[in-house]
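As structure tokens, the structure follows; a few thoughts come after it.
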């Protein structure tokens with residue numbers, strides 16, 4: 001997707017001074033207008049490039065380890081992640097995704113991944129604030145899926161399974177999934193998945209799958225009252241990890257499960273989710289907008305609802321709510 005643009009980027013990255021357009025044209029055997037086109041393309045996807053008519057193009061090389069070209073080196077997907085946009089700081093990748101999807105050509109946005117080094121207004125389920133400092137992985141994937149509306153919740157399951165699989169493969173971490181959308185290590189949250197839909201009447205136009213992973217973050221430094229309930233990958237493995245490689249691996253796993261869902265292989269994804277579940281078989285307290293109760297989590301049904309056997313023996317299916325392991 002960005003092959004020539006990244007060649008232009010490589011030339012700029014190697015230079016400590018502005019590079020004339022003519023030098024880039026000569027080295028890559030492209031026209032000066034093509035150089036301008038690829039410079040503009042790089043700016044759109046998240047690179048700060050200053051232009052001077054007299055001197056040429058100069059690249060700001062700060063925070064380069066998690067930019068699209070680095071992720072691309074590891075990427076093995078067909079569609080998801082082949083388009084990217086990166087921000088050093090943004091209020092929320094999901095807000096940006098909404099604005100883009102509401103204004104743009106949706107066919108051109110399918111598979112786009114929006115990446116932020118930090119979010120200043122990140123949020124999770126029920127609009128709860130999600131502290132998203134530099135060092136994490138904060139992304140939103142824009143999708144225009146051909147999936148029945150009553151199965152779109154499967155995208156959340158697919159995201160959670162993909163994170164758990166990658167953490168186990170790359171770091172030998174016993175990551176599990178806590179219903180509905182938390183990825184945990186031990187009893188501490190390390191990542192979460194959020195799904196939001198863009199609809200017009202009863203027709204879903206697009207889906208936004210957002211992922212937050214506490215990757216290279218020192219939890220003790222967070223000004224967060226619940227920091228005793230969260231962890232980071234770097235703290236679990238005692239060193240900083242390669243975020244670009246992790247993100248690329250997640251996108252590969254997610255695309256595989258996305259393809260399964262589009263083919264109607266719902267049972268296979270649910271089966272994987274159950275295999276990684278830390279909730280099924282546990283005693284839980286459920287808090288919903290209507291009530292609270294305790295019981296044993298015994299299953300999730302085909303709609304993604306948590307099946308709980310209450311203390312009085314009755315079965316309750318929970319579609320939305322907070323689940324506390326007790």
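In full-length UniProt numbering, the protein residues as written are 1 to 326.
For every residue, glycine included, the Cβ atom is placed at its ideal position computed from N, Cα and C.
Remember, it's a predicted structure, so these values are computed and weren't measured experimentally.
Counting C-beta pairs with one atom in each stretch, the segment 117-126 and the segment 97-107 have fewer than three that are closer than 8 Å, which means they do not touch. A straight line joining the alpha-carbon of residue 12 with that of residue 60 spans about 9 Å. Around the C-beta of residue 232, 16 or more other C-beta atoms lie within 10 Å, and the residue is accordingly described as buried.
Sequence-distant partners of residue 161 (beyond 5 residues in either direction) whose C-beta falls short of 8 Å from its own C-beta, in its chain, are 177, 253, 257, 269, 272, 273 and 276. Three or more Cβ pairs drawn from the segment 134-144 and the segment 110-119 lie within less than 8 Å of each other, which places the two stretches in contact. The way I'd put it, the segment 144-152 doesn't touch the segment 240-252; fewer than three beta-carbon pairs between them come closer than 8 Å. Scanning its chain for C-beta atoms nearer than 6 Å, with the 5 sequence neighbours on each side dropped, one finds around residue 283 the residues 296 and 326, in chain order. Boundaries around residue 37 are those of the alpha helix (DSSP H), 32-45, since no beta strand (DSSP E) includes it.
Rounded to the nearest whole angstrom, the C-alpha separation of residue 25 and residue 2 is 17 Å. For residue 255, the three-state secondary structure derived from DSSP is helix. Beta-bridge partners of residue 123 (DSSP): 129. Taken through DSSP and simplified to helix, strand or coil, residue 106 comes out as helix. Residues of the same chain with a CB within less than 7 Å of the CB of residue 92, apart from the 5 flanking positions on each side, are 119, 121, 122 and 123 in chain order.
The straight-line gap separating the alpha-carbon atoms of residue 32 and residue 52 is approximately 14 Å.
Unbroken alpha helix (DSSP H) stretches of 4 residues or longer found wholly inside the segment 176-258: 233-237, given in chain order. Here residue 157 has 269 and 273 as same chain residues with Cβ atoms under 6 Å from its own Cβ, once five neighbours each way along the sequence are excluded. In this structure, residue 305 lies away from residue 286, with their beta-carbon atoms at least 8 Å apart. Secondary structure of residue 152 (DSSP, three-state): coil.
Remark: C-beta atoms of residue 174 and residue 185 approach each other more closely than 8 Å.
Cβ-Cβ distances below 6 Å link residue 67 to 86 in the same chain, with the five nearest sequence neighbours on each side left out; the list follows chain order.
Around the beta carbon of residue 313, fewer than 16 other beta carbons sit within 10 angstroms, so the residue counts as exposed. By the C-beta criterion, the segment 200-207 is judged not to be in contact with the segment 215-225, since fewer than 3 inter-stretch pairs fall below 8 Å. Relative to the Cα of residue 135, the nearest Cα in the group 89, 324 and 214 belongs to 214. Excluding residues up to 5 positions away in sequence, 229, 230 and 231 lie with their Cβ nearer than 7 Å to the Cβ of residue 188 in the same chain. Take the alpha-carbon of residue 144 and the one of residue 264: they are about 16 Å apart. Per DSSP, reduced to three states, the secondary structure at residue 2 is coil, with no helix or strand assignment. In the DSSP assignment, the residues bridged to residue 51 are 57. Taking a contact as a CB-CB distance under 8 Å, the pair residue 209 and residue 159 counts as one, their CB atoms being some 6 Å apart.
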